[in-house]
Amino acid sequence: MSTSFPPLEELLLRMWQIRWFELRAMELFEEKLIRGSVHPYIGMEAIAVGACAALGNDDYITSTHRGHGHCVAKGLDLKLMMAEIIGREDGYCRGRGGSMHITAIDRGMLGADAIVAGSSAIAVGAAHALRLQGRDSVVVCFFGDGASNQGILHEACNLGAVLDAPVVFVCENNEWAISTPVAAATRIENIADRAAGYGFPGVIVDGNDVLAVRDVAAEAVARARAGKGPTLIEAKSYRITPHSAATKTDLRPPEELDAWRARDPILSFSRYLRNEAGVEPDRLEQLEEQARREVEEAVEFALASPRPEPETALEDVFAPAEWATAGRLS
Amino acid sequence: MSEAAADSVRELTMSEALNEALHEEMNRDAGVFVIGEDIATFGGLFQVTSGLLERFGPRRVIDAPISEAAQAGAAVGAALVGCRPVVELQIADFVSLVMDQVVNHAGKWRYMSGGRVTVPFVLRAAVSSGIGMAAQHSQTLEAWFVHAPGLIVIMPSTPYDAKGLLKAAIRDDNPVVFLEKRLLYSRPGPVPTEEYIVPIGVADVKREGGDVTVVTYAQGVHLALQAARQLARDGVDVEVIDLRTLKPFDMETVATSVRKTGRLVAVTEAVRAASMASEIVARVTDDEFDSLKAPPVRVTARDTPMPYSASLERAVLPQVDDVVRAINRVLGRVTVP
């Protein structure tokens, strides 16, 4: 195991930050303070936190419509995230992007992408470009089991392979694409098996085990950094909450849900820390409380932030350019 | 015109001029790279990327698998981290395969991020109508991109403009769709040896005249210039404006001309419905209605898929005679059928 991994307690803190962030976001949606939708990452926290534990500050990720967990795991600021999804000027994207489009390149977050599988080729291109620039950064591309059947993902995996791009594809298999079970969407048992078709390794990992995810991610990241090309990691997990805060119908069998609730990644990692790593129960409670407090501070910050001024709606359609300042912008 | 001021001017074809632009920009900026099909060893179907592999190597001159969407997506990702990728699509009709990456990603990423990112991305594509390539290799689709927020759309008519505009497109921090008319690749024109840029968003008056304004671009410019020469024999003085950049739109140059002539003909080789010609007419009627002495007229292709047979393709694409007829119509001249 590499010594450069973050401390185990930090992993638990991040997981609790995600959990409380999502619980509060769902409440704020019900209170109509969040518009559109929110896609909670609850139950999948171990994947983002585990994978990002294998990354450094100079590494990048791409994310999905269910992206808050990836942002928190990559170290984005909870206050700026919450302000963004409430649609305020101080948000990461000045309220232009919302829940599904948080972008913070200075923190290695290339952007959340609400087109399913949309960012897969973006990850490959960014990875190739970083190498062209002489940097040894790696890009992790998160996507879901639903995305695994999109054409662009196939193209991106293949292009990443022929370029030997330093990219790691992380498939978060949470078993359901809204109402479609993964078994109805593919005839293969494991999405990781598809890696064979691209000539790179496919690895299956328990997506509810943060340390297992971290370790397979570390191996894939090391391989990518060494110029040996992509890896496909399939992290098997489950989303405990519905597809989105706006989706009131849930077709999933209650007993299936209960079985996965019993395998809650935060509770099992807490158990591990207590039993195997000697962390005191008080300390575990402190970490949860810290996360909860930070999320509450983020909500307060967000609610105090101004709404974007309507006359700024036309800003940033284009980057500054000579032709724009010459008044030809139309 | 600015090329007259150049010390040394040669005749280059449009593909040679574009090739020079790529050589110069890749030499100037190590972040510029090209990706596409058959562009490295083969030098591109139309030789626009010829010689780049030998000079800049396979990491910057990428022969990609036939995966247009991934090429475009990869270019967006490369742009996000500071490179300046140029994607080549062999045939412009293949833009249907990359629309999600161009429209939903390249065009929106900056806005969605609240201005935190730039996407300096160029998508080049060859518009291949007029040579019997039939319905899936002959579309003129600039209007699709003009309709999508956040994209610059360029369509040059001469080797001089093509070179200067491609260099400007590569240097611009915004995503650019750069459409090249295939029939113009082999058409020679003067290009100075010294470096120059043609600014984005500036139309060019290709022929001055006082009686009627023809606003067009790409192959339409050549149709309009031929029509103008023909009508000059009858004493009709036609002004031909080459938009060069379709978005941003140089309204100032168009409005100045329409104020002078009071008459407008808009020409495009694209199909009629919701075309750039419609946009030109709408903009002029919005801003310059009182300057107009006659209703504007559009000259466009017919609203059909492109037929294969030469007699049919000719019937569908606008011809010089169609432009002549349209000019006569806005002038109220009786035309001989």
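Note that the protein sequences, when read in sequence, are chains A and B.
Residue numbers are given in this note's numbering: position 235 of the first sequence equals residue 678, and the series is strictly consecutive.
Residue numbers are given in this note's numbering: position 278 of the second sequence equals residue 434, and the series is strictly consecutive.
Yeah, the Cβ is synthetic: ideal placement off N, Cα and C, and Gly gets one too.
The structure presented is a predicted model; accordingly, all values stated were derived computationally and were not measured.
Asked                                                                                                                                 : Found
Within chain A, the residues that W265 of chain B reaches when beta carbons sit closer than 8 Å                                       : T546, G554
Residues within the region 499-513 of chain A neighbouring chain B, beta-carbon criterion of under 9 Å                                : Y503, T505
Chain-order list of residues whose beta-carbon lies under 6 Å from that of M444 of chain A (same chain, five-residue window excluded) : In this prediction, M444 of chain A has a pLDDT of 41, which is less than 50 and means its spatial position is unreliable; what the coordinates show is noted afterwards. The answer is none, since no qualifying residue turns up.
Min CB distance C536 of chain A to chain B below 7 Å                                                                                  : yes
Contacting residues, own chain, Cβ-Cβ under 6 Å from L606 of chain A (five flanking each side not counted)                            : H571
Below-7 Å beta-carbon distance, N260 of chain B vs any chain A residue                                                                : yes
Distance, A560 of chain A Cα to G587 of chain A Cα                                                                                    : 8 Å
Residue closest to G642 of chain A, alpha-carbon to alpha-carbon, out of A:L573, A:G672, A:G493                                       : A:G672
Neighbouring residues, chain E, relative to R216 of chain B (Cβ below 9 Å)                                                            : Reference to chain E is not applicable here, since the protein chains of this structure are A and B.
Partners in chain B for R668 of chain A, counting only beta-carbon separations shorter than 7 Å                                       : In chain order: nothing, as chain B lies at least about 16 Å away.
Length-filtered (3 minimum) beta strand (DSSP E) runs lying within the region 545-627 of chain A                                      : 552-555, 582-587, 610-616
Residues bridged to G645 of chain A (per DSSP)                                                                                        : A:L675
Cβ pair G306 of chain B, Y267 of chain B closer than 7 Å                                                                              : yes
Segments of 3+ residues assigned as beta strand (DSSP E) that fall wholly inside the region 671-719 of chain A                        : 674-679
Identity of the residue in A:G645, A:L654, A:R531 nearest P753 of chain A by Cα                                                       : A:R531
Residue from A:L471, A:F464, A:R630 whose Cα sits closest to the Cα of A689 of chain A                                                : A:L471
Opening and closing residue of the alpha helix (DSSP H) in which A491 of chain A lies                                                 : 488-495
Anticipated Cβ contact below 8 Å, E751 of chain A with G538 of chain A, distance rounded                                              : The question names Glu, but residue 751 of chain A in the sequence shown is Pro. Yes, they are in contact, since the Cβ atoms of P751 of chain A and G538 of chain A sit about 5 Å apart, within 8 Å.
Option in B:D477, B:S413, B:A388, B:R389 with minimal Cα separation from D398 of chain B                                              : B:S413
Helix, strand or coil at K362 of chain B according to DSSP, with G and I counted as helix                                             : strand
Neighbouring residues, chain B, relative to I595 of chain A (Cβ below 8 Å)                                                            : A225, A226, G229, D256, Q257
Closer than 7 Å to chain B by CB, V581 of chain A                                                                                     : no
Inter-stretch contact at 8 Å, needing at least 3 Cβ pairs: the region 758-770 of chain A / the region 286-296 of chain B              : no
Which listed residue (B:A225, B:L473, B:M462, B:L208) has its alpha carbon closest to that of E180 of chain B                         : B:L208
Within 8 Å of chain B by C-beta, residues of the region 733-754 of chain A in sequence order                                          : none
In DSSP terms, what E336 of chain B is bridged to                                                                                     : B:A282
Min CB distance D443 of chain B to chain A below 7 Å                                                                                  : no
M444 of chain A in three-state terms, based on DSSP                                                                                   : Confidence at M444 of chain A is low in this model, with a pLDDT of 41, below 50, so the placement of that residue is unreliable and no value is reported for it.
Short CB-CB distance (under 7 Å) between D329 of chain B and chain A                                                                  : yes
Y464 of chain B - containing beta strand (DSSP E), residue span                                                                       : Premise fails: Y464 of chain B is in no beta strand (DSSP E) and is neither H nor E.
The ligand PLP heavy atom lying under 6 Å from the CB of F405 of chain B                                                              : By its list of ligands, the structure shown contains no ligand whatsoever, and the ligand PLP lies outside what it can speak to.
Inter-residue CB distance, D194 of chain B and D219 of chain B (contact presumed, cutoff 8 Å)                                         : 7 Å
Residue of A:M552, A:P644, A:S591 minimising C-alpha distance to S580 of chain A                                                      : A:M552
Cα-Cα separation between N500 of chain A and T507 of chain A, rounded to whole angstroms                                              : 20 Å
Close-in-space but distant-in-sequence residues of the same chain around E465 of chain A (CB under 8 Å, 5 per side omitted)           : V481, P483, Y484, I485, H511, G512, T684
Neighbourhood of V361 of chain B by C-beta distance below 6 Å, restricted to the same chain and skipping five residues each side      : I397
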